[in-house]
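Some notes on the structure that comes next.
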Amino acid sequence: MREIEYREAIKEAVIEEMNRDDKVFLIGEDIGKYGGAFRAYKGLLDMYGPERVINTPISEAAIIGAGIGAAATGYRPIAEIMFIDFTTLAMDQIVNQAAKIRYMTGDNLKCPLVIRTQGGAGRGVAAQHSQSLESWYYHVPGLKVVMPSTPYDVKGLLKTAVRDDNVVFFIEHKMIYLLKGEVPEEEYLIPFGVADIKREGSDVTIFAYSNMVYKSLEAAKELEKEGIDCEVFDPRTLVPLDEEALINSVKKTGHLVIVTEACERGSVASDICARVVQKAFDWLDSPVKIVAGLNTPIPYNSILEQASIPHKENIISAVKEVVGK
Amino acid sequence: MTAISKELKKEMLKTIIKIRRFEEKTIQLYQTAKIWGYLHPYIGEEAIAAGACLAIDKSDYIVSTHRGHGHSIAKGADLNRMMAELLGKVTGYCKGRGGSMHIADTELGMLGANGIVGGGIPISVGAGFSCKMEGNGKVVICFFSDGAANNGVFHESLNMSAVFKLPVVYLCENNMYAISMSSCESVSCRDIANRASAYDMPGVIIDGSDPEAVYKAVDTAVKRARKGEGPSLIEAKTYRFGGHHPNDPAEYRDKEEVEYYKTEKDPVTNYKKKLVEEKILSEKEIEKIEVEIKQAVEDSVRYAEQSPEPELEKFLEEVKLI
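Order-wise, the sequence lines are chains H and E. Convert by adding 925 to the 1-based position in the first sequence; the result is the number in our numbering. Convert by adding 46 to the 1-based position in the second sequence; the result is the number in our numbering.
See the structure below:
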């Protein structure tokens, strides 16, 4: 099968959806000629014109509000916030407006809005451009939270996001835009709430999403040499979460390591741990282990930056600890 | 400028009275705890909603505020469903999920009251984009307050609307107080309308107690918007006769000031008088309107009281889907 970059897969999804439905449009900062901060939209302005590729002033709250207003009046906008760190500037529009509008108006106003953004550390862009803030949005009822790891997943999930009648908070990772992966030529969709086992295994379940899937796969490869067979479980969507598949995986392996780049305090990882402990405690042969980022603003210095986030080595030692080797 | 027809004048008066009587009833119901939570009466400001909403079509959009009953009623909302929502009933506009601060209806082009001051302003930008993309001449009226004009989203939204020449009419209801904060102490310029020049759009000041002044200003802004010439900012000077909510004695205001507005600037009294003087309606005819509206309001209370509560089981099922 052909291989394309993660960002090319995003562009393909957008093109297919914009061709399918003329109600789909793009809005965000530097998405015109510039093609988006990570060039995922390169060329789209020429293809669709400024009416459907709306290049805005630096006004995050108005971008999300514009998405909500257009969504409530029949459109299906994809609003881009350049960095997840900048979503803080639109917090009212995301949390108080978008997430609630459909529910609190008794389904009177629909909000088929995709909020595309990206997060994560690794590029030396320091504390205000490197955060992993997914747990904030995971916490708010009314938002679906999608964190695709592969080109295949990002394409299929983005297409599903565009067709969803609710707000989808779509988080990419800045370190994987150039990664290549197999993506079929023919059209496909990936439903929300269906996890993907990125590697099957029998000794331990490693729950990982976004960029941490790759680090977990690297760890699994090394652990294989030591006779430890890891299952790498990628939920793909955090809300809705494929809890059943996770519980089944834990029942099979009896061990769980949860990996997240975000700092652990109040994280998605700690919530996943709580869920598994409440629902599959009897199947666990050892305590659950969380491998997470440190509780720190992300530092600029690359040695410190790298020390702030989990790596293959951290995952390997956590796995060995839970399986008792 | 099209002259305001007799029929339109009658309609404006009816709308003003309807809002006033509906809200007087809601205050009674609030005081007897049939309505709970927050209730923000629009009493004193009714001429703005009436003049503005009658200057646009049913298919046009409005974005409202926490003090939004008047906007909904003027846009044609059904009193029964309004009252049912205020009583939290399943027959209400939001199935009892929203209450006073969240009434919305796609059919009416009512894009929502809002619990967040300024929260609706960015949403009007999106509705504006939608109208522009459709190219069907629809417009949006965005109601907001003097308090919201000091929020950052006011700047983002007016700038963005002006950049893209969106068909939005920004209608600031300056009732002089944001809860207790006087606009004299919180707005950097004397008139909020002056801020329009910063966004290269027209800015006009009108007397918000005069529905015809509101109608004319909105009509001009709407015509401009429909022609693709972009947004306008209208500042309607107005006054909230009561406190921020029914339990607010509003001790932060001078008694003389309150008295002045209640006696000199009451849209109900003034507009009734004007239409009688102009021989558009007789006092008897006005009395008939009052009786009809009183009946409609009483009916809405009965409808709301007899409506069922939302089903708990259904709620628990719905929650699983969120």
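We put the CB at the ideal spot given by N, CA and C, even for glycine. Predicted model, so just to flag it, every value in this text is computed and none were measured.
query	result
State buried or exposed for F200(E), treating a residue as buried only when at least 16 other CB atoms are found within 10 Å of its CB.	buried
In this structure, how does DSSP classify I1003(H) when only helix, strand and coil are distinguished?	strand
Taking the C-alpha atoms as reference points, what is the distance between E1046(H) and S176(E)?	Reading off the sequence shown, one finds Ala at residue 1046(H), where the question assumed Glu. In a straight line, the C-alpha of A1046(H) is about 36 Å away from that of S176(E).
Quick check: what's the CA-CA separation for Q1022(H) versus K141(E)?	18 Å
Under three-state DSSP, which class holds M156(E)?	strand
Applying the criterion that 16 or more other CB atoms from any shown protein chain within 10 Å of the CB defines a buried residue, is P230(E) buried or exposed?	The question names Pro, but residue 230(E) in the sequence shown is Cys. Looking at its Cβ environment, which holds fewer than 16 other Cβ atoms inside 10 Å, C230(E) is exposed.
What's the C-alpha gap between P277(E) and A195(E)?	16 Å
For F963(H), report the span of its beta strand (DSSP E) as first-last.	First-last for F963(H): undefined, no H or E at that position.
Mind listing the chain E neighbours of P1066(H)? Cutoff is C-beta to C-beta under 9 Å, in chain order.	V365, I368
As an exercise, report each continuous beta strand (DSSP E) stretch of at least 3 residues that is fully enclosed by the region 1118 to 1162 of chain H, in chain order.	1121 to 1124, 1129 to 1133, 1155 to 1159
I want to verify the contact list: residues of chain H whose CB lies under 9 Å from the CB of S203(E), in sequence order.	S984, A986, A987, G990, A991
Hey, quick one: how far does the beta strand (DSSP E) through F1095(H) stretch, first residue to last?	1092 to 1098
Using 8 Å as the cut-off, can you tell me whether the region 1034 to 1048 of chain H makes contact with the region 1089 to 1096 of chain H, which would need three or more C-beta pairs spanning the two stretches below that distance?	yes
Could you list which residues in chain E have their beta carbon closer than 7 Å to that of Y959(H), in chain order?	Result: empty, since nearest Cβ-Cβ is about 17 Å, beyond 7 Å.
Just mark W82(E) as buried or exposed, buried being the case when its beta carbon has 16 or more other beta carbons within 10 Å.	exposed
Nearest chain E C-beta to M1029(H) closer than 8 Å, yes or no?	yes
For T309(E), does the count of other Cβ atoms within 10 angstroms reach 16, so buried, or fall short, so exposed?	exposed
I'd like to know whether the C-beta atoms of E1251(H) and N1239(H) end up nearer to each other than 8 Å.	Chain H is shown from 926 up to 1250; residue 1251(H) falls before or after that span and cannot be answered.
Please report whether the beta-carbon of N944(H) lies at a distance below 8 Å from any beta-carbon of chain E.	no
Could I get the ranges of all uninterrupted beta strand (DSSP E) runs contained in the region 93 to 118 of chain E, with 3 residues as the minimum, in chain order?	107 to 109
Rounding to the nearest angstrom, what Cα-Cα distance links L1209(H) and I368(E) in this structure?	29 Å
Just the chain H side, please: which residues come within less than 9 Å of H117(E) by C-beta, in chain order?	Chain H residues near H117(E): none, gap ~14 Å exceeds 9 Å.
Does Y1102(H) get closer than 8 Å to chain A when you measure Cβ to Cβ?	The structure shown contains no chain A; the protein chains it does contain are H and E.
Which runs of the alpha helix (DSSP H) fall wholly inside the region 203 to 252 of chain E and span at least 4 residues, in chain order?	229 to 232
At which residues does the beta strand (DSSP E) containing T1185(H) begin and terminate?	1181 to 1188
Check distances from the C-beta atoms of the region 1109 to 1130 of chain H to those of chain E and list, in chain order, the residues that come in under 8 Å.	none
According to DSSP, is S1060(H) part of a helix, a strand, or is it coil?	helix
Closest to I1234(H) by CA distance: which of P1066(H), V1216(H), P1002(H) is it?	V1216(H)
Using a beta-carbon distance below 8 Å, is L125(E) in contact with chain H?	no
Could you say if the region 1181 to 1197 of chain H and the region 1102 to 1121 of chain H meet the contact criterion of at least three C-beta pairs nearer than 8 Å?	no
Would you give the residue range spanned by the beta strand (DSSP E) that R932(H) belongs to?	First-last for R932(H): 931 to 945, but that is the alpha helix (DSSP H), not the beta strand (DSSP E).
From M943(H) to V949(H), what does the alpha carbon distance come to, in whole angstroms?	5 Å
Please report how far the alpha carbon of L59(E) lies from the alpha carbon of T266(E), in whole angstroms.	21 Å
Along the alpha helix (DSSP H) that carries K1080(H), what are the first and last residues, could you check?	1076 to 1088
Does at least one heavy atom of the ligand GTP sit under 7 Å from the Cβ of M1007(H)?	For the structure depicted, the ligand GTP is absent and the ligand set is empty, with no information on it obtainable.
Could you work out which residues of chain E lie near Q1018(H), taking near to mean beta carbons separated by less than 7 Å?	P168
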